[in-house]
Amino acid sequence: MDFGAVVFLIVILAIFVISMGVKQVPQGYEWTVERFGRYIQTLTPGLSLIVPFVDRIGTKLNMMEQVVDIPSQEIITKDNAMVKVDGICFYQVVDAPKAAYEVSELDRSLRALTMTNIRTVLGSMALDEALSNRDHINTKLLAVVDEATTPWGVKVTRVEIKDISPPKDLVNAMAAQMKAEREKRAKILEAEGIRASAILKAEGDKQAVVLSAEGRKEAAFRDAEARERTAAAEAKATDVLSESLSKGDVQALNYFIAQRYVDALGKIASAENQKLILMPLEAGSVIGSVAGIAEIAKHSLALKGKD
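Going by this note's numbering, the first residue of the sequence shown is number -19, and it counts up by one from there.
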């Protein structure tokens, strides 16, 4: 064999051996290395060397966060309602050797585990509770599934229920129930509004009656006070008249009688329906009895006639 050909074969063999021993791991991945079928190390992103023909790559693992769709399944709730539930699970491999050698078919195992725990959690809840406490369901599922997958070198970051679908007839019954509840609340609010309006109206009427009574009370008090003052003035005038008469002074009596007489004439003269005043003949004797103040009476009548 030609020497050149031998050298060429050696170079080709060396390149082949080196290519088998040098491994380039992409970012976000880790590769396990097996020697004679037994795990010995994990290759991290970058260039790594292994022993050709002795070591081999076992499993190439994606270390980034991944998602697994949970297919829809029928579940019987605590109150015997049949619902269809599906979901989604997010996980990340944190220990490559465990994920490679502690579980077979990681995605399928994780999917089956999540479905089983969804049935367990929802089966222990009533339908209304399951529909209204989705966050609680997600939190409980996350804790259970994450704990179960820890030996697999997997960290479950989120488990979300996407949809809970009751049967159509049950949905219609729930809609009718919700409508009835809303109508009931509307009637209650309307009744409370009518009651509040009646109470306010009654309070307003009561306040009006109280204010009216207080007004009448105040008016009566003022009328009584005015009558009391008038009576006091008349009593005082009577006392003065009595004192004057006791002293022999009749002018005060004449003045008192003339004042009453003049007031009466003034009222007669000021009446709208009185156009003619007839005085009796005896009026002269009355006027004569108060001759001392006749001029005053005439002056007063003249003033009343001008008005």
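Backbone N, C-alpha and C define an ideal beta-carbon position, used for all residues, glycine too.
None of these values were measured; they are calculated from a predicted model.
Which of the three DSSP states, helix, strand or coil, is assigned to residue i?
{"i": "MET95", "result": "helix"}
{"i": "ASP59", "result": "coil"}
{"i": "SER177", "result": "helix"}
{"i": "SER112", "result": "helix"}
{"i": "GLN31", "result": "According to the sequence provided, residue 31 is Val. The question's Gln does not apply to it. Residue state, collapsed to three classes: coil."}
{"i": "SER84", "result": "coil"}
{"i": "GLU54", "result": "strand"}
{"i": "GLY195", "result": "helix"}
{"i": "PHE70", "result": "strand"}
{"i": "SER280", "result": "With a pLDDT of 45 at SER280, under the threshold of 50, the modelled position of this residue cannot be trusted, and the question is left open."}
{"i": "GLU45", "result": "coil"}
If distances are taken between C-alpha atoms only, which option among the options comes closest to residue i?
{"i": "ALA76", "options": "GLY1, TRP132, GLU208 and GLY173", "result": "TRP132"}
{"i": "ILE56", "options": "LEU107, ASP66 and GLU85", "result": "LEU107"}
{"i": "THR137", "options": "LYS78, GLY1, ARG36 and ALA128", "result": "ALA128"}
{"i": "ASP126", "options": "ASP185, VAL74 and MET0", "result": "VAL74"}
{"i": "PRO98", "options": "LYS120, ARG202, VAL83 and ASN113", "result": "With the sequence shown as reference, residue 98 is identified as Ile, and Pro is not the correct amino acid for it. Selected option, being the one with the closest Cα: LYS120."}
{"i": "VAL48", "options": "LEU93, GLU14 and GLU10", "result": "LEU93"}
{"i": "VAL65", "options": "ILE30, GLN72, LEU102 and GLN46", "result": "LEU102"}
{"i": "GLU140", "options": "ASP219, LYS167, ARG175 and GLY67", "result": "GLY67"}
{"i": "GLY26", "options": "LEU41, GLU10, TYR19 and ASP35", "result": "GLU10"}
{"i": "GLY38", "options": "GLN46, THR22 and VAL31", "result": "THR22"}
{"i": "ASN288", "options": "VAL83, VAL(-9) and ILE144", "result": "Absent from the model: residue 288. The displayed extent of the chain is -19 to 287, so no value can be given."}
{"i": "THR130", "options": "ALA156, TYR71, MET105 and ARG162", "result": "TYR71"}
{"i": "LEU150", "options": "LEU90, TYR19, ALA61 and VAL(-14)", "result": "ALA61"}
{"i": "PHE16", "options": "PHE33, THR24 and GLU214", "result": "PHE33"}
{"i": "ILE50", "options": "LYS78, GLN7, THR96 and ASP59", "result": "THR96"}
{"i": "VAL31", "options": "MET44, VAL(-3) and VAL63", "result": "VAL(-3)"}
{"i": "MET43", "options": "ASP59, THR24, ALA153 and ALA206", "result": "THR24"}
Hey, could you find the ends of the beta strand (DSSP E) residue i is sitting in?
{"i": "GLY8", "result": "Segment: none, GLY8 is in no beta strand (DSSP E) and carries neither H nor E."}
{"i": "ASP35", "result": "35 to 42"}
{"i": "SER104", "result": "Element bounds for SER104: n/a, residue is neither H nor E."}
{"i": "THR24", "result": "Segment: none, THR24 is in no beta strand (DSSP E) and carries neither H nor E."}
Excluding five sequence neighbours on each side, which residues of the same chain lie with their C-beta closer than 7 Å to the C-beta of residue i?
{"i": "PHE(-12)", "result": "none"}
{"i": "LYS142", "result": "ASP66, GLY67 and ILE68"}
{"i": "ALA80", "result": "THR12, GLY38, THR39 and LEU41"}
{"i": "LEU261", "result": "The pLDDT assigned to LEU261 is 42, lower than 50, so where the model puts this residue is not dependable; a value taken from the coordinates is nonetheless given after this. Nothing meets the Cβ criterion."}
{"i": "HIS116", "result": "none"}
{"i": "LEU122", "result": "VAL136, ARG138 and VAL139"}
{"i": "GLU208", "result": "none"}
Where do the N-terminal and C-terminal ends of the alpha helix (DSSP H) with residue i fall, by residue?
{"i": "SER298", "result": "Given a span of -19 to 287 for the chain in the structure shown, any question on residue 298 remains unanswerable."}
{"i": "PRO77", "result": "76 to 81"}
Compare the C-beta of residue i with all C-beta atoms of chain B and state if any pair is closer than 7 Å.
{"i": "VAL101", "result": "In the structure shown, chain B does not exist; there is a single protein chain."}
For residue i, I'd like the list of residues in its chain whose CB is within less than 8 Å of its CB, leaving aside the five on either flank, ordered along the chain.
{"i": "LEU29", "result": "GLY1, VAL2 and LYS3"}
{"i": "TYR19", "result": "THR12, VAL13, GLY38, PRO77, ALA80 and TYR81"}
Is residue i near the ligand NAD, with its Cβ less than 6 Å from a heavy atom?
{"i": "GLN21", "result": "With respect to the ligand NAD, the structure offers nothing, as it holds no ligand at all."}
Practice task
Counting only runs of 3+ residues fully inside the stretch 122 to 156, write out the beta strand (DSSP E) ranges in chain order.
Solution key: 134 to 145
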